[in-house]
Amino acid sequence: MTRHDGRQADQLRPISFTLGIAPHASGSVLVAFGNTRVICSAMLEDAVPRWMKEQNVAGGWLTAEYSMLPYSTLSRKARDASRGKQDGRSIEIQRLIGRALRAAVDLPALGQRTLWIDCDVLQADGGTRTASITGACVAAFLACRRLVEERKLPRLPIRQLVSAVSVGIVRGEPLLDLDYPEDHAAEVDMNLVMTEAGQYVEVQSSGEEAVFSPQQLDLLLALGRQGAQQLIKAQRSILGIELEGAGTL
Ligand code: UDP
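Residue numbers for the sequence shown follow my numbering, beginning at 50 and rising by one.
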């Protein structure tokens with residue numbers, strides 16, 4: 050079966066990273082997974098949350114916020130500020146982004162700082178959470194590199210890059226990196242977050258009015274692993290660290 054955009058089952062959408070899109074941020078990137086485009090930024094604050102001080106937790110913290118811009122969807126999405134509350138989906142996604150990025154950043158090495166990650170969806174066409182994580186990791190890396198360049202830290206507080214990708218079963222076929230029409234039609238939907246060493250940070254998989262077998266789960270994981278590793282290569286390339294080899298940041 051060919052996909053409606055002509056991709057192979059194991060093919061990512063065209064991926065791009067535009068660095069420095071938000072010049073006041075310490076690190077920023079406009080990430081595109083096909084027509085899904087997200088502005089990701091990282092900013093540092095010279096303070097940590099009160100609970101860390103109260104519990105004597107050393108090092109820094111990282112927190113993430115996610116939102117869809119009103120014009121990112123076909124019908125206008127009201128801003129949370131106008132609605133007076135954040136929707137549950139955004140809260141779920143920003144927690145996922147935070148967990149993913151805390152696997153990438155070396156929090157003890159960050160010092161008493163908070164790294165704020167903001168992901169604002171410019172255009173939504175499926176996979177906004179996976180594009181957000183992949184872009185946020187690039188933005189976080191840039192912000193951390195700047196700390197070293199400014200001699201505020203002796204070494205890069207990054208443990209490893211992380212990337213994220215969606216996979217799903219659409220009309221019985223496992224597919225990589227679903228766009229919105231595919232996501233809408235999917236019987237099974239999975240998002241996975243992986244490190245450059247090939248380890249999982251998070252795997253979320255669910256059937257939508259459908260169930261899936263252990264064999265299908267294995268197929269989805271294999272497809273996702275392959276996609277996540279391609280994304281890591283693209284991240285390393287845009288960050289200019291492609292020659293150093295995996296795991297030697
Ligand atoms: N979507 C939308 N409005 C919403 C939520 C989702 O138009 O309020 C669309 C959008 O294209 C999004 C897709 O549905 O990318 C899939 O949403 P999902 O919640 O699965 O998250 P995502 O795939 O973006 O991580």
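The C-beta atom is built at its ideal place from N, Cα and C for all residues, glycine as well. These numbers come from a predicted model, not from an experiment.
DSSP places Asp167 within a strand segment (E or B) once states are collapsed to three. Below 8 Å, enough C-beta pairs join the region 150–169 and the region 82–101 to call them touching: three or more. Relative to ligand 1, the beta carbon of Thr183 is positioned no closer than 7 Å to any heavy atom. As a beta-bridge residue in DSSP terms, Leu79 pairs with Thr67 and Ile88.
By DSSP's assignment, Tyr115 forms a beta bridge with Cys168. Here Pro72 carries a coil assignment [DSSP, helix/strand/coil]. The alpha-carbon separation between Arg220 and Pro206 amounts to approximately 43 Å. Counting along the chain, Ser286 sits inside the alpha helix (DSSP H) bounded by residues Pro263 to Ile287. Residue burial annotation: Arg125 is exposed, with fewer than 16 other C-beta atoms found within 10 angstroms of its C-beta. Counting C-beta atoms within 10 angstroms of its own C-beta, Asp267 has fewer than 16 neighbours from the protein chains shown and is therefore classed as exposed. Taken through DSSP and simplified to helix, strand or coil, Gln253 comes out as strand.
Rounded to whole angstroms, the gap between the alpha carbons of Leu227 and Glu258 is 18 Å. Counting of Cβ neighbours within 10 angstroms places Ser215 among the buried residues, the total reaching 16 or more.
Excluding five sequence positions before and after Gln275, the CB atoms of its chain that fall closer than 7 Å to its own CB belong to Asp59, given in chain order.
If you check the CB distance, Ala113 and Gln135 do not come in under 8 Å. Counted as a single uninterrupted DSSP element, the stretch harbouring Ala235 is not any alpha helix (DSSP H) but the beta strand (DSSP E) occupying residues Ala235 to Thr244. Annotation for Ser116 indicates a beta carbon at 7 Å or more from all heavy atoms of ligand 1. As the crow flies, the alpha-carbon of Asp129 is around 32 Å from that of Arg194. For the pair Ser212 and Gly273, the Cα-to-Cα distance works out to about 10 Å. Under DSSP, Glu94 takes part in a beta bridge, and its partners are Thr163. In terms of side-chain proximity, the C-beta atom of Tyr229 is found nearer than 7 Å to a non-hydrogen atom of ligand 1.
The alpha-carbon separation between Val260 and Gln57 amounts to approximately 24 Å. For Leu224, there is no enclosing alpha helix (DSSP H); the enclosing beta strand (DSSP E) covers residues Glu222 to Leu225.
Ranked by how close their Cα comes to the Cα of Thr244, the residues Gly109, Ser262, Tyr115 and Arg151 have Arg151 in first place.
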